[in-house]
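The structure appears below as structure tokens.
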Amino acid sequence: MGADRGVSELLGYVLLVGIVMTGAVAIVIFGASSIGGIQEQQDSEATQTMMQEVDSRLATLSTASESRAVEFSFAETDQTVQRSPDLVTDKGQINITVNGNATCSAEVPLDSIRLDNEAGAVIVYEAGGVWRLSEDGAASIVTPPTVSIQDGQLSLSLMNMTGSVAGEGNQAVLNASSSATDSTAAMDKLLQGSCMRPDNITVRIQSDMYEAWGEHLAGETGYDVRSSPPAGDDSYLVVNDSTETATVYLNQSALPERTNDAKNNVVGVTNASYMHDVSVTTDGISVSKDANNTYTVYAEPVADDIEIGSVERISQANNVTRPPLDVVFVVDESGSMEDPGPSGQEKRESVRGSIRNFTTYLDSDIDRIALVGYQEMPNGYDENDPSSTWRFPYPHPNYGRIYRTNNQMLTGDFESFNDTSGGPLERLQAKGWTYSTGGMKKAAPLLDLKSDESRNKIIVLLSDGRNKHSHDEDWLVSSQEYKSHQSYNYNGHWYWGDEAGTDFATIKIAQLASDSGMTTYTIGFGIETNIDEELLSDVAKAGTGEYYYAKNASALEDAFSSIAKRVSSTKQVGRLPMSTNLSANNTAQPPQITGDVTRIANVTQGGETFLNVNDPYAPSTFSHAFTVSDGEMVNFSATVYGCDRWVATSMTETINGSQYPVTRCAAMNKSDGTTVEDNNVSVYTNHASTAFKNDLANWTTAEWQTNLTDALNKSNLYNTTTGQLTLESNQVIVAYDFPQQSGAETDNIMLMLYTIGLSEENARPSGVIDIDLNNVRIES
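Using the numbering used here, the letters of the sequence shown correspond one by one to residues 22 to 801.
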């Protein structure tokens, strides 16, 4: 009985030990497995956390406006990385295409940083997001990428990475300049030409995380994932296993309304399919999309200065005054002036009569005249004894003299000046030789001293011969010496010999006088071979005047009269008082001029003020700007008004080499208004380029007016090579044919550019597509 109990106790002990050992083994086996799983999970989480930290650091680069660098590492503070990360470039790409047009397409590579974990999964940083790619290839999103589609607006922020990565000590350097350039280039490629306002957008993403990309896009768009596109033009999201792509298609209705030309404010005036109705006539223009839109209308002249007017003689009675004149007659007093001319009359007397006739063209209330004589008078000279020339005193007695009227150098007392019983004209001499420098040396300083900037300064130099003297002498002009027997060149004409100094000094005085605002005219009188016409021509050229040859007394009077008419003419460029008027829905829209318009004439009609838009003193070019509703007609017209008061301006126009003053209307009269309409108005779109080309060729602008072709070229509205208008889709050219003087050989055409709504060429809606590319180099 006791022995049995002993065996039993031993057996029990053995069994207990076995049980304990079995339990211990089980604990070792199963506990080790559990611990391993926990470690793998911790490793996976740590890897994801490290990648998210990398994501966070790199994200700061995408918001930087200038180049900068950030550091990142895949090691926690108390450990080192056991596995090496990889930088994978060109593993996939994102393609964006607008309107299915390959020209409007941009493809961006998907670069990524990848790090394996202990579980065989790969944690991926791609497109600004963190992804998990399991060992069996299944992908999931850890943190979403920086690619979003919200309310039809596509936004991408992608990183192009180069270089290499390591577990520790990485530095990512952003090149802000190249990033901005590439971002702009991608946007410009997508939104160009007919793609500027997208009808549809396709985003195709090729990546080994394509399934997870599909999930992301589904969340962004709300679309169900499909395996193939639906029939028709519905928006969709397709995930394709065979191509490893996720594709989202956004049709017109999915995009913002501002891209829809059937509803936005883009206007096409020539057969645009999206327009409901367009009317373009000589009366006006109207556009409609049947969309309850409001359009901005803007109108302005094509030329900066419209210059509508004509050259006409406007008398003092019309309240127009020209600038006052100061005229100096510089007359040769050499002995030959006493000789009879071809008509038998003494040449000096013919000059006196012609000058007296000249004064009849002047206004004694505002104009003044002066007389200068010039000669060389050898003291003791005997023409029968050539040796007497050596008895000239030194300096040589060649000079000019001013003949005063009532002790005045310049006088408005024409009666005393012309007095035949003792006026200055009667005191003119006829002795000695010709010395033009002496006369010019008196005339130019006289005007410089006694005249002023408000007056037109004129010199009329007359000679019947050639400069002559008998010994070497220096002529000093503005500190420059001109000498006999030297050579001087003016416009290819050489002067040398005895008279080179005085000849060239005369030219230089005329040139300096011109620089000071004086104009010199010259007259050669008498036998042509006796006159130094080359010198007189050069003096006139240097003085910006003109040379006249007068064979006899009659021709001399004609020459003086021509100069008188030229310098005193009241024939002026009159700028027609006019205004333009646009209206819509019976509401007038008068022109606006930016700046101070207090000096600009105006009329009031219907409670609106219409400015004289043709006033040369207007501070800026006029324009019209207002809004119209869908379908409203914009009427355009222009009116030429009467003028109650013309006034002179400081401006001049050059016509056939002559200067004409410009006059402006300071007081308009609406009772004499003439409306430019119907047959005097023409409207052109791009489709009417042939008609415009023909009309442009037939229009003739005056020499003083802006050339229409030049104005069109400057505004980039017309191609002279092709003869085609280059207007934008919402523009028309309107030509107004204003009245012209009877018998005029030129036209008064004003071209206006009318713009309504937005153009197809420039209406680029913002925020529909936004691409931000960041070029980053990683250095480890």
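Think of the CB as a built atom: it goes at the ideal place given N, C-alpha and C, for glycine as much as any other residue.
| Check | Outcome |
| --- | --- |
| Which complete beta strand (DSSP E) runs does the region 133-210 hold, if anything under 3 residues is left out? | 143-147, 150-154, 160-164, 168-171, 174-184 and 191-195 |
| Could you check how far apart the C-beta atoms of Leu383 and Leu346 are, in whole angstroms? I think they sit under 8 Å. | 6 Å |
| Which residue comes first and which comes last in the beta strand (DSSP E) that contains Arg804? | With the chain represented from 22 up to 801, any question about residue 804 goes unanswered, as that position is not in the structure. |
| Mapping the DSSP letters down to three states, classify Ile770 as helix, strand or coil. | strand |
| Just how far apart, CA to CA, sit Val802 and Pro130? | This structure does not reach residue 802, given that the chain is present from 22 up to 801, and the question cannot be answered. |
| When the Cα of Asp699 is compared with those of Asp793, Asp304, Trp725 and Glu436, which residue comes out closest? | Asp304 |
| By Cβ distance, which residues of its chain are closer than 8 Å to Ala605, with the 5 residues on each side in sequence left out? | Val318, Phe647, Val649, Glu653, Met654, Val655 and Asn656 |
| Would Glu674 be called buried (16 or more neighbouring beta carbons within 10 Å of its own) or exposed? | buried |
| Can you check DSSP and say which residues form a bridge with Glu321? | Leu774 |
| With three or more C-beta pairs closer than 8 Å as the rule, is the region 736-747 touching the region 263-273? | no |
| Would you tell me roughly how many angstroms separate the C-alpha atoms of Ser475 and Asn783, rounded to the nearest one? | 50 Å |
| Quick one, are the C-beta atoms of Pro612 and Arg685 less than 7 Å apart? | no |
| If the criterion is Cβ atoms closer than 7 Å, does the pair Ser641 and Ile614 meet it? | yes |
| Throw me the rounded Cβ distance for the Thr84 and Val91 pair, which I believe falls under 8 Å. | That pair is no contact at about 11 Å. |
| For the region 516-523 and the region 327-334, state whether three or more C-beta atom pairs, one from each stretch, are separated by less than 8 Å. | no |
| Taking the beta carbon of Asn477 as the centre, do at least 16 other beta carbons fall within 10 Å, making it buried, or is it exposed? | buried |
| Using the Cβ count rule (16 or more neighbours within 10 Å means buried), how would you classify Asp245? | exposed |
| Going by C-alpha to C-alpha distance, which of Glu241, Ile134, Ala197 and Ala96 sits closest to Val168? | Glu241 |
| Given a threshold of 16 other Cβ atoms within 10 Å of its Cβ, counted over all protein chains shown, does Trp411 qualify as buried or as exposed? | Its pLDDT being 38, under 50, Trp411 is placed unreliably by the model, and the measurement read from it follows with that caveat. Trp411 should be labelled exposed. |
| Helix, strand or coil: which one does DSSP assign to Gly460? | helix |
| Contact check, Ser801 vs Ala96 under 8 Å by CB: the rounded distance? | The pair is not a contact, with the Cβ atoms about 13 Å apart (cut-off 8 Å). |
| Would you kindly work out how many angstroms separate the C-alpha atoms of Ile770 and Ser589, rounded to a whole number? | 30 Å |
| For Pro165, which of Glu554, Val194, Gly443 and Ser77 has the nearest alpha-carbon? | Ser77 |
| I think Val755 touches Val702, with their Cβ atoms under 8 Å apart; what is that distance to the nearest whole Å? | 7 Å |
| Nearest to Arg448 by alpha carbon, out of Ser500, Ser505 and Val352? | Val352 |
| Express the C-alpha separation of Thr711 and Ser583 in angstroms, rounding to a whole number. | 45 Å |
| Taking the alpha carbon of Met773 as the point to measure from, which residue in Met689, Asn796 and Thr601 has its own alpha carbon closest? | Thr601 |
| Pull up the CB-CB distance for Asn272 and Asp254, whole angstroms please, since I reckon it's below 8 Å. | 5 Å |
| Who are the near neighbours of Thr543 in its chain, counting only those whose CB is closer than 6 Å to its CB and skipping five residues on each side? | Leu482, Leu557, Val560, Ala561 and Tyr568 |
| On the CB-based measure, 16 or more other CB atoms within 10 Å of its CB, does His506 come out buried or exposed? | exposed |
| In the DSSP assignment, what residue or residues form a beta bridge with Ala674? | Residue identity check: residue 674 is Glu in the sequence provided, not Ala. According to DSSP, Glu674 bridges with Tyr681. |
| Looking at C-alpha atoms only, which residue of Gly190, Gln501, Ile222 and Ile799 is the closest neighbour of Pro277? | Ile222 |
| Does DSSP put Asn700 in a helix, a strand or coil? | helix |
| For a test of the three-state rule: what should DSSP assign to Asn707, helix, strand or coil? | helix |
| In chain order, what residues of the same chain lie with their CB nearer than 6 Å to the CB of Trp454, ignoring the 5 residues before and after it? | Ser355, Glu397 and Lys489 |
| Pick out whichever of Asn510, Gly121 and Ala67 has its Cα sitting closest to the Cα of Glu555. | Asn510 |
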